[in-house]
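First up is the structure itself, then whatever we jot down about it.
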Amino acid sequence: MLHKLLVYIYLRKLDINEDNVYSVLITADYLSILGVLDLCCQFLEEHLTPKNCLGTLSFAQSHFCRDLSNNSWKYIMKNFAQIAVESDEILSLSLNQIQDIINSDDLNVKSEETVWEVILRWIDHDTENRRKHIVELMKCIRLGLLDTQFFLEHVKEHPYVSSSEESRPMIIETLKFLYDLEMITHSPNNIRSGSQFLIIWSPRDGEVITPEIARPRVPHEILFAIGGWSGGSPTNFIETYDTRADRWVKVEEVDPAGSRAYHGTAVVGFKIYVIGGFDGMDYFNSCRCFDAVTKTWKEVAPMHSRRCYVSTSVLKGTIYAMGGYDGHSRKNSAEKYDHRTNQWSLIAPMNMQRSDASACNLDGKIYITGGFNGQECMHSAEVYDPELNQWSLISPMRSRRSGVSCIAYHGSVYVIGGFNGISRMCSGEKFNPLTNTWTPIPDMYNPRSNFAIEVIDDMIFAIGGFNGVTTIYHVECYDDKTNEWYEATDMNIYRSALSACVIDGLPNVHDYIHKHRDKLMEEKRQKMIALENHRNLVNDQNNNNNHDTIAAAVNANMQQLNILQQLNGHLNPALPPAHVPDPLPMQVEPDENEEH
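Residue 1 is where the sequence shown starts when you use UniProt numbering, and the numbers rise one by one after that.
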């Protein structure tokens, strides 16, 4: 060991690996050889995995390696869902250690069920000595965010919980909250006053409150929706999506250079590059850069060509811009941007001219799909190999698609929506690079073209767009584990021709998330009241309801009544009776008749 350190002292060379790094670090720490300490800590950071990160954190804390400790903690927070399944180190944590982890607002879990399963796994490892800690650990779970059926069947009835008298107040509080949540979500007739609520009503403020057990954690990824076409003109409006609070948040720091639509965006580090586009008069070759940490905008080098309807992608830190329309013709040219030198360079042209296409990267290559060539909507697609600087055609899509969106997701290229020359589409398909084949995926709820697409929280999000009649603000997400689309919270404004991107690990993430997490329930109540008012207005205008619609609504109401009655049954008989909820109204869109 001393020989290795002497070699470093004289030659500045150090051979460290997974077998010797800990002993080298301990010896260097004892001898105060700071350079070796830094190299060992850097090595351990670079080799963090779900299986070793908890041990690395403990080691760093015991040897006062502050940076290694902080970075190990961040890794644990970000990758906890994977750690929960793969790590055996988690079973050896002390009570205080596991509490510190699962109680953190920064814990990256899509569902609180993950936290519950970890608690059970930890207790099961030493049941005799650990089951007494069930209440202390349950306080770390956001119980109000659990699915009602999961809470009733898997938490409340679990032997560790049912045998603990100390857990009873917590169980009752959660039951009351879940009851109130069902009332707010599905019984709009009863939410104008607080008389029906059990625990969330604040008589002093006249509002419902969000208790601690239901306040969401902080997301690790932030989705930005930038610019677009809204109300007959381009916009520079920016909003972010908080996946944990399920809310869109307005960003005040818009581009002072003005609005643009039909542009592309690309992320490198914590910077967003806004590329090309159109402002209603000019076709842009200009590019703007937004630093999400400092919240400042600056101009960067322009592209060689003007590109509206541009397709963009990022590969290994290099930004690619392909195709588009310059006001005169559709382009087959493509170029790449090096942010280190602030320079654009031309690359090999595509095989076909295409604007209003969409691009993504997968396995070190760039795929571009669909578009418009000036005469027809296209179903062709091609792939670019940066090592060869060469484009190659791949199997054509099953449908023609212009104004399409494509994204890499779980090893495939997903292509969704668009315009086929006749109508806007809600269909989608995915490309398997290994077989060079396309297969269909389930349809979206809303047909749309010229919308934004991104992957966040391991789901595909389709954002805004144009449905053939009007711009829309609807958002929906696709999960390939269930092979289904789900409705998500709508954006704040109607818009198409926007672009979206995701930044992971922002140090100032709190600047882009929903600020008033204690007001989420009140916001939901106000939204439901507005929907109820809208429903009443529609009912007044049209009293001839379709019998099938009525039957479906009654069926949905009865299902919700069963949930309320279940919750009622778990509480005491003196609670107010559960009311049959009314069906939600149809959303009516304004008629903008925008041209796209």
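Note that beta-carbon positions come from the ideal geometry of N, C-alpha and C, so glycine has one too.
Close beta carbons around residue i, own chain, < 7 Å, minus the five adjacent residues each side
i	result
Phe-150	Glu-113
Asp-105	Arg-217, Val-218
Glu-45	Leu-68, Asn-71
Glu-239	Ala-225, Trp-248, Val-249, Lys-250, Val-251, Met-491, Asn-492
Pro-386	Leu-315
Ala-60	Leu-68, Ser-69, Ser-72
Ser-259	Gly-227, Pro-234, Thr-235, Asn-236, Asp-279
Ala-408	Cys-360, Asn-361, Leu-362
Cutoff 8 Å; reference residue i; Cβ partners in own chain excluding five residues on either side
i	result
Leu-48	Thr-56, Asn-71, Ser-72, Tyr-75
Pro-573	At Pro-573 the pLDDT is 36, less than 50, meaning the model places this residue with poor confidence and gives no usable figure here.
Gly-464	Ala-225, Gly-228, Arg-448, Phe-451, Ala-452, Thr-471, Ile-472, Tyr-473, His-474, Val-475, Met-491, Tyr-494, Arg-495, Ser-496, Leu-498
Val-267	Tyr-273, Val-314, Cys-501, Val-502, Ile-503
Gln-390	Ala-348, Tyr-384
Ile-90	Leu-54, Ile-83, Ala-84, Ile-98, Val-118, Arg-121, Trp-122
Glu-136	Leu-95, Gln-99
Leu-93	Leu-54, Ile-101, Trp-122
Ser-329	Gln-353, Gly-374
Cα-Cα separation between residue i and residue j, rounded to whole angstroms
i	j	result
Glu-166	Arg-121	21 Å
Leu-95	Ile-123	10 Å
residue 652	Gly-324	The requested residue 652 is not part of the displayed model; the chain covers only 1 to 596.
Ser-380	Trp-438	12 Å
Ile-453	Leu-434	24 Å
Asp-511	Ala-357	33 Å
Ala-359	Phe-80	31 Å
Lys-430	Cys-406	9 Å
Lys-316	Ile-222	20 Å
Gln-541	Lys-527	21 Å
Asn-108	Ala-84	11 Å
Ser-311	Ser-355	8 Å
Asp-242	Ser-23	43 Å
Lys-295	Glu-253	7 Å
Ile-16	Val-115	36 Å
Asp-457	Ala-321	26 Å
residue 597	Thr-174	Residue coverage of the chain in this structure runs from 1 to 596, which leaves residue 597 outside it and unanswerable.
Tyr-309	Ala-245	32 Å
Ile-102	Asn-342	43 Å
Trp-344	Ser-333	13 Å
Buried or exposed by the 16-neighbour rule on C-beta atoms within 10 Å, applied to residue i
i	result
Asn-373	buried
His-220	buried
Leu-346	exposed
Arg-400	buried
Ala-530	exposed
Glu-522	buried
Thr-127	exposed
Pro-50	buried
Lys-336	buried
Asn-483	exposed
Val-538	exposed
Leu-388	exposed
Glu-18	exposed
Within 8 Å, strictly: CB atoms of residue i and residue j
i	j	result
Gly-264	Gly-276	yes
Phe-177	Ala-225	no
Asn-436	Ser-392	no
Ile-413	Val-404	Note on identity: in this sequence residue 413 is Val, with Ile being the wrong assignment. No, these two residues do not count as a Cβ contact at 8 Å.
Gln-99	Cys-41	no
Gly-421	Cys-377	yes
Leu-54	Ser-87	yes
Pro-440	Arg-398	yes
Phe-278	Pro-211	no
Tyr-160	Ile-134	yes
Asp-518	Ile-319	no
Gly-468	Arg-424	yes
Same chain, Cβ closer than 6 Å to residue i, neighbours up to 5 away in sequence not counted
i	result
Cys-477	Met-459, Phe-461, Tyr-486, Ala-488
Cys-289	Lys-271, Tyr-273, Lys-298, Val-300
Cys-65	Cys-41
Gln-97	none
Leu-25	Cys-40
Phe-43	Ile-16, Val-21
His-125	Leu-91
Ala-28	Val-36, Leu-37
Phe-466	Ser-449, Asn-450, Ser-496, His-596
Contact with chain D by residue i, beta-carbon distance below 8 Å
i	result
Glu-165	This model lacks chain D altogether; it includes just one protein chain.
Exercise for the section: Decide if the segment 277–287 is in contact with the segment 345–357; the criterion is three or more beta carbon pairs, one per stretch, under 8 Å apart. Expected result: no
Problem - Meets three-Cβ-pair contact criterion under 8 Å: the segment 498–514 and the segment 138–158 - result: no
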